[in-house]
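K.L.:
Protein sequences appear in the order of chains X and P.
Each residue of the first sequence is one higher than the last, beginning at 121 in the numbering used here.
Each residue of the second sequence is one higher than the last, beginning at 17 in the numbering used here.
Quick one: the structure is below, and I'll ask about it shortly.
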Amino acid sequence: MIQILIRYSTLLFLTLLVLAFMSFSLAYLFPGDPLENLTGLVPQNEMQREALTRQFKLDGPYLIQFFHYVENMLAGNWGYSFTSGLPLREEVGIALPATIELATYAMLMALFIGIPLGYYAGMRCYSTSDHVINSTSITTYSFPVFWFALLLILIFSLQLDSAPLSGRISLLYDIEPITGFIIVDILLSELANKPLALKDAFSHLALPTLAIGAITTASMIRITRRSVIDVKHRPYIAAAVSRGLSSWQIFFRHILRNALLPILPLMAIQITTLITNAMIVETLFSWPGIGNWLIQAIYQRDYPALRVGMMAVSTVVITLTILVDLFNRLIDPSREKYERATV
Amino acid sequence: MPMLDIKNLTLEMESGDASIKALDKVNLSVSSGEIRALVGESGSGKSLIVSAICGALPSQWNLTADRMSWNGENLLSMSVQQRREVMRREIAVVFQNPQSSLDPSATLGEQLEESIPDEFVEGSWFWQRAQHRKKIAISTVHKVGIKYHKHYLSAYPHQIPADIGQKFMIAMALVSQPKLLIADDPTRGMEPTTKTQILKLFTRLNQTRSLSILFVSHDLLAIASMAHSMTVLYAGQTVEAGKMKHIKKRPLHPYTKALLDSAPSFRKDLPPKSHLPTLGGSIPTLQHLPIGCRLGPRCPRAQRACVQTPAMRKIHDHSYSCHYPLHMEKP
Numbered sequence: 121m122i123q124i125l126i127r128y129s130t131l132l133f134l135t136l137l138v139l140a141f142m143s144f145s146l147a148y149l150f151p152g153d154p155l156e157n158l159t160g161l162v163p164q165n166e167m168q169r170e171a172l173t174r175q176f177k178l179d180g181p182y183l184i185q186f187f188h189y190v191e192n193m194l195a196g197n198w199g200y201s202f203t204s205g206l207p208l209r210e211e212v213g214i215a216l217p218a219t220i221e222l223a224t225y226a227m228l229m230a231l232f233i234g235i236p237l238g239y240y241a242g243m244r245c246y247s248t249s250d251h252v253i254n255s256t257s258i259t260t261y262s263f264p265v266f267w268f269a270l271l272l273i274l275i276f277s278l279q280l281d282s283a284p285l286s287g288r289i290s291l292l293y294d295i296e297p298i299t300g301f302i303i304v305d306i307l308l309s310e311l312a313n314k315p316l317a318l319k320d321a322f323s324h325l326a327l328p329t330l331a332i333g334a335i336t337t338a339s340m341i342r343i344t345r346r347s348v349i350d351v352k353h354r355p356y357i358a359a360a361v362s363r364g365l366s367s368w369q370i371f372f373r374h375i376l377r378n379a380l381l382p383i384l385p386l387m388a389i390q391i392t393t394l395i396t397n398a399m400i401v402e403t404l405f406s407w408p409g410i411g412n413w414l415i416q417a418i419y420q421r422d423y424p425a426l427r428v429g430m431m432a433v434s435t436v437v438i439t440l441t442i443l444v445d446l447f448n449r450l451i452d453p454s455r456e457k458y459e460r461a462t463v
Numbered sequence: 017m018p019m020l021d022i023k024n025l026t027l028e029m030e031s032g033d034a035s036i037k038a039l040d041k042v043n044l045s046v047s048s049g050e051i052r053a054l055v056g057e058s059g060s061g062k063s064l065i066v067s068a069i070c071g072a073l074p075s076q077w078n079l080t081a082d083r084m085s086w087n088g089e090n091l092l093s094m095s096v097q098q099r100r101e102v103m104r105r106e107i108a109v110v111f112q113n114p115q116s117s118l119d120p121s122a123t124l125g126e127q128l129e130e131s132i133p134d135e136f137v138e139g140s141w142f143w144q145r146a147q148h149r150k151k152i153a154i155s156t157v158h159k160v161g162i163k164y165h166k167h168y169l170s171a172y173p174h175q176i177p178a179d180i181g182q183k184f185m186i187a188m189a190l191v192s193q194p195k196l197l198i199a200d201d202p203t204r205g206m207e208p209t210t211k212t213q214i215l216k217l218f219t220r221l222n223q224t225r226s227l228s229i230l231f232v233s234h235d236l237l238a239i240a241s242m243a244h245s246m247t248v249l250y251a252g253q254t255v256e257a258g259k260m261k262h263i264k265k266r267p268l269h270p271y272t273k274a275l276l277d278s279a280p281s282f283r284k285d286l287p288p289k290s291h292l293p294t295l296g297g298s299i300p301t302l303q304h305l306p307i308g309c310r311l312g313p314r315c316p317r318a319q320r321a322c323v324q325t326p327a328m329r330k331i332h333d334h335s336y337s338c339h340y341p342l343h344m345e346k347p
């Protein structure tokens, strides 16, 4: 157990170190002055430049520079944005939770709709209801996410006028960001008309969540269905049938858990797709998340922001992936044999 | 009257546009208190028959039979509920491959305890019942010759050696006190000592509890020592069936003779370092089954009539299906 934890933390640490190195090298790879790319500060004269160079140890060898860079990152000193001039840590601190919030709701939608539907389709495999569920999920899965989101905007926002077009919450409500999750923040806030604010936040959330969630749900249905069908044809299910167990007993005691085990690592792979989709959809819905923020940074050639944004997003993805895999590892008894942590 | 009576069991599989008869008019019966051996090469359909009896065949395969009855009740036409009840209490199966027939994500103890029928468990509160279940599980495990129940009941299937797995399968089959035990190659991969133990256990259960056993195997030595009667299967057809001692002494079908000859323990006259007599060729694949008698191409006595499937003929309770049986030449 402790050995497993140590292995996974080593894996996480090393991966993050490699990521930090890549983000550091971006300062040199981007066009322009590495000093400016790294700090986001534009020195006004030579004296200031020398002072900054000394402060960030850019006069030393690359290794020293890199260690200093990691030190700065850990201390929360991430540099400043070219465009806004604000500390990047604050900007990411507001944008990243918004994306995570969106992705979380989409993931919850996938879990609570996708997995039960997948189980249902798998248990009734090759029946009409299975074919309906399966073909719907394949169709949904094949939608490009930006097109699907545009379609939702077209139908629900423009034609039916039942959902707001963009943003996170109406400007009427002033929500203090505490956790960065809008729903939690509203609940924590001292607002007079919380129910109204909640309703408004939900109507803003509905379309982007649906756009991202539909595709994740579709892939979840397909993964679950396949896994259930695989498990159903294993000899131990036939053995359980021959022992005269009822179909409920067989489902709950033997199929449920065994089908869930291969789903979890595939879910970890889905996280990457989910975050990418979230970033695309954010741009369409002007959701103030990290994707939207990064796209703006690209337009503005805000190199420090790109460097930090890449680091932040990949850290989230890697950490989640490793955590899911660790969890899977801990609950699966038959994986004791594999000593090394893998993702 | 036999307990399990199967007549003309045919299993058809659709493969592309052709349908393959994996089992072709198989006859099999097990009487009460009898040990019946089902013998045949690998791929002759022994395990398919076992799956057909316990209803674990995929539904896209077409199973038909003139008669397939359990104590006079038709197994094919009874409701799912009834069928499950029969499987739960009266017929128990030990499958061929213990490692894959055990749920990898549950401990052996859990799996054994769930096979105990509720009627056997005493106590009115759930903790009493759980305790009693555990007690039954431990005593059953001891009965099949597993000593360290503490270690093995909490182990997962991948942590145990194959012979313990096989013994667990037997324990799971016996815990419901069935009337018929179907053992699909139960001693495969076991050491000779454990094998003897298991065979002795079967014989003892047969004698003391009058448990009928359908013993599926190709271990002729084990079969000859314990079985009362035998059914020989070749490529999905029954070739010969009858009392063990009759078949051993005077096999009528050329295949049975070849099978018996290939076991050195039955040949006292075999000189040292001589070749074991075998039939040329190997068992045909399901896609390329010969017409008529499926032994045809390999049979030393085959003649023109063998392209017609021979009908089952019967002398007393010794039945065979061959146009040119041994020991029956007309003078």
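Beta carbons: idealized from backbone N, C-alpha and C, even for Gly.
#1: Residue range of the alpha helix (DSSP H) that P:ASN113 falls in?
#2: What's the gap between the Cα of X:PRO434 and the Cα of X:THR441?
#3: If contact is defined by three or more beta carbon pairs under 8 Å, each pair taking one atom from either stretch, is the segment 219 to 238 of chain P in contact with the segment 296 to 310 of chain P?
#4: Once you ignore the five residues that flank P:GLY357 on each side, which residues in its own chain have a CB closer than 6 Å to its CB?
#5: Kindly indicate which residue of P:ILE132, P:THR26 and P:ASN87 has the alpha-carbon position closest to the one of X:GLY364.
#6: With DSSP collapsed to three states, give me the class of P:ASP4.
#7: Going by the beta-carbon positions, is the gap between X:ILE302 and X:ALA321 smaller than 8 Å?
#8: If the cut is a Cβ gap below 8 Å, which residues of chain X does P:PHE122 touch?
#9: By how many angstroms is the C-alpha of X:GLY409 removed from the C-alpha of X:THR130?
#10: List the whole-angstrom C-beta distance separating P:PRO114 from P:MET185, where the pair is believed to meet the contact cut-off of C-beta under 8 Å.
#11: By the criterion of Cβ-Cβ separation under 7 Å, what are the contact partners of P:LEU92 in chain X?
#12: Determine, for P:ASP179, whether the minimum Cβ-Cβ distance to residues of chain X falls below 8 Å.
#13: Using 8 Å for Cβ pairs, my map puts X:ALA283 next to X:SER323. What's the rounded Cβ distance?
#14: Here's a check: name, in chain order, each residue in its chain whose Cβ is nearer than 8 Å to the Cβ of P:HIS244, leaving out the five neighbours to either side.
#15: Have a look at the DSSP bridge pairing and note the partners of X:TYR182.
#16: Does DSSP classify P:THR354 as helix, strand or coil?
#17: In the DSSP assignment, the beta strand (DSSP E) including P:MET84 goes from what residue to what residue?
#18: Anyone know if the C-beta pair for P:TRP86 and P:MET17 falls short of 8 Å?
#19: DSSP on P:SER31, reduced to helix/strand/coil?
#20: Note down, in chain order, each residue of its chain lying with its Cβ closer than 6 Å to the Cβ of P:ASP277, except the 5 sequence neighbours on either side.
#21: Taking the alpha-carbon of X:ILE400 as reference, which of X:THR259, X:ILE332, X:GLY238 and X:LEU194 has the nearest alpha-carbon?
#22: Mind listing which residues of the segment 348 to 375 of chain X have their C-beta closer than 8 Å to chain P's C-betas, in chain order?
#23: If you measure between the beta carbons of P:SER337 and P:SER226, is that distance less than 8 Å?
#24: Grab the span of the alpha helix (DSSP H) containing X:ARG342 for me, first residue to last.
#25: Let me know if X:TYR423 comes out buried or exposed under the rule of 16 or more other beta-carbons within 10 Å of its beta-carbon.
#26: For X:LEU384, would you say it is in contact with chain P, using Cβ-to-Cβ distances shorter than 8 Å as the test?
#27: Taking just the CA atoms, how far does X:PRO355 sit from X:ILE287?
#28: Tell me which residue opens and which closes the beta strand (DSSP E) that P:ASN78 is part of.
#29: Any beta-carbon of chain X closer than 8 Å to the one on P:PRO341?
#30: If I measure Cβ to Cβ from P:PRO120 and keep anything under 8 Å in the same chain, skipping five residues before and after, which residues do I get?
#31: Quick one: what does DSSP say P:MET17 is sitting in, helix, strand or coil?
#32: Per DSSP, what are the beta-bridge partners of P:PHE16 in this structure?
#33: Note down, one range per segment and in chain order, each beta strand (DSSP E) of at least 3 residues found wholly within the segment 122 to 210 of chain X.
#34: Which term fits X:GLY242, buried or exposed, when burial requires 16 or more other beta carbons within 10 angstroms of its beta carbon?
#35: Considering P:ALA330, what are the terminal residues of the beta strand (DSSP E) in which it resides?
#36: Does X:LEU446 come within less than 8 Å of chain P when only Cβ atoms are used?
P.N.:
Let's see:
#1: In the second sequence, residue 113 of chain P corresponds to position 97, counting from 1. Looking at the DSSP string, P:ASN113 is not in any alpha helix (DSSP H), and its letter there is neither H nor E.
#2: Taking the first sequence and counting its residues from 1, one reaches residue 434 of chain X at position 314. Taking the first sequence and counting its residues from 1, one reaches residue 441 of chain X at position 321. For the sequence presented, residue 434 of chain X should be read as Ser rather than Pro. Near 10 Å, if we compare the C-alpha coordinates of X:THR441 and X:SER434.
#3: The segment 296 to 310 of chain P, when compared against the segment 219 to 238 of chain P, does not touch it at the 8 Å Cβ threshold.
#4: Outside the shown range of chain P (17 to 347) lies residue 357 of chain P, about which nothing can therefore be said.
#5: To locate residue 364 of chain X, count along the first sequence from 1; it is residue 244. Per the Cα distances, P:ILE132.
#6: Any property of residue 4 of chain P remains undetermined from this structure, which presents chain P solely from 17 to 347.
#7: Locating residue 302 of chain X in the first sequence gives position 182, where the first residue counts as 1. Locating residue 321 of chain X in the first sequence gives position 201, where the first residue counts as 1. Yes, Cβ-Cβ distance for X:ILE302 and X:ALA321 is below 8 Å.
#8: Taking the first residue of the second sequence as position 1, residue 122 of chain P is located at position 106. At residue 122 of chain P the sequence reads Ala, which differs from the Phe that was named. The contacting residues are ARG373, HIS374 and ARG377.
#9: Here residue 130 of chain X is taken as the residue at index 10 of the first sequence, counted from 1. Here residue 409 of chain X is taken as the residue at index 289 of the first sequence, counted from 1. Approximately 30 Å between the Cα atoms of the pair.
#10: Mapped onto the second sequence, residue 114 of chain P falls at position 98. Mapped onto the second sequence, residue 185 of chain P falls at position 169. That pair is a contact at about 5 Å.
#11: One-based indexing of the second sequence puts residue 92 of chain P at position 76. Under the 7 Å cutoff, chain X gives no residues; its nearest Cβ is about 16 Å from P:LEU92.
#12: As a working note, residue 179 of chain P is residue 163 in the second sequence. Chain X contact via Cβ: absent.
#13: Taking the first sequence and counting its residues from 1, one reaches residue 283 of chain X at position 163. Taking the first sequence and counting its residues from 1, one reaches residue 323 of chain X at position 203. Contact holds; Cβ gap of about 6 Å.
#14: Taking the first residue of the second sequence as position 1, residue 244 of chain P is located at position 228. Excluding sequence neighbours, P:HIS244 sits near GLU50, ILE51, ARG52, LYS259 and MET260.
#15: Position 62 of the first sequence, counted from the first residue, corresponds to residue 182 of chain X. Note: X:TYR182 sits in no beta bridge, so no partner.
#16: Coverage of chain P is limited to positions 17 through 347, which leaves residue 354 of chain P absent and any answer about it impossible.
#17: To locate residue 84 of chain P, count along the second sequence from 1; it is residue 68. That run of the beta strand (DSSP E) goes 83 to 86.
#18: As a working mapping, residue 86 of chain P is identified with position 70 in the second sequence. As a working mapping, residue 17 of chain P is identified with position 1 in the second sequence. No, these two residues do not count as a Cβ contact at 8 Å.
#19: Position 15 of the second sequence, counted from the start, is the residue given in the question as residue 31 of chain P. The answer is strand: DSSP assigns P:SER31 an E or B state.
#20: In the second sequence, the residue the question calls residue 277 of chain P occupies position 261. PRO293.
#21: The residue labelled residue 400 of chain X in the question sits at position 280 within the first sequence. Residue nearest to X:ILE400 within the set X:THR259, X:ILE332, X:GLY238 and X:LEU194 is X:ILE332 (criterion: CA-CA distance).
#22: HIS353, ARG354, PRO355, TYR356, ALA358, ALA359, ALA360, VAL361, SER362, ARG363, GLY364, LEU365, SER366, GLN369, ARG373 and HIS374
#23: Counting from 1 along the second sequence, the entry for residue 337 of chain P is found at position 321. Counting from 1 along the second sequence, the entry for residue 226 of chain P is found at position 210. In this structure, P:SER226 does not lie closer than 8 Å to P:SER337 by Cβ.
#24: On the first sequence, residue 342 of chain X is found 222 positions in, with the first residue counted as 1. Note, X:ARG342: alpha helix (DSSP H), 314 to 352.
#25: Working through the first sequence from its first residue, we reach residue 423 of chain X at position 303. Buried, by the Cβ-count rule.
#26: Here residue 384 of chain X corresponds to residue number 264 of the first sequence, with the count starting at 1. So no, X:LEU384 is outside the interface.
#27: Numbered from 1 along the first sequence, position 167 holds the residue referred to as residue 287 of chain X. Numbered from 1 along the first sequence, position 235 holds the residue referred to as residue 355 of chain X. The sequence given here places Gly at residue 287 of chain X; Ile does not occur at that position. C-alpha separation (whole angstroms): 53 Å.
#28: On the second sequence, residue 78 of chain P is found 62 positions in, with the first residue counted as 1. Element bounds for P:ASN78: 78 to 80.
#29: As a working mapping, residue 341 of chain P is identified with position 325 in the second sequence. Output row for P:PRO341: interface = no.
#30: To locate residue 120 of chain P, count along the second sequence from 1; it is residue 104. Excluding positions up to five away in sequence, the list reads TYR172, PRO173 and HIS174.
#31: Stepping through the second sequence from its first residue, residue 17 of chain P is reached at position 1. P:MET17 falls in the coil class under three-state DSSP.
#32: Residue 16 of chain P is absent from the structure shown; chain P starts at 17 and stops at 347.
#33: none
#34: The residue given as residue 242 of chain X occupies position 122 in the first sequence. With 16 or more other Cβ atoms within 10 Å, it is buried.
#35: Residue mapping note: residue 330 of chain P aligns to position 314 of the second sequence, counting from 1. Residue identity check: residue 330 of chain P is Lys in the sequence provided, not Ala. Segment 329 to 331, the beta strand (DSSP E) holding P:LYS330.
#36: Position 326 of the first sequence holds residue 446 of chain X. Judged by the 8 Å Cβ criterion, X:LEU446 is not in contact with chain P.
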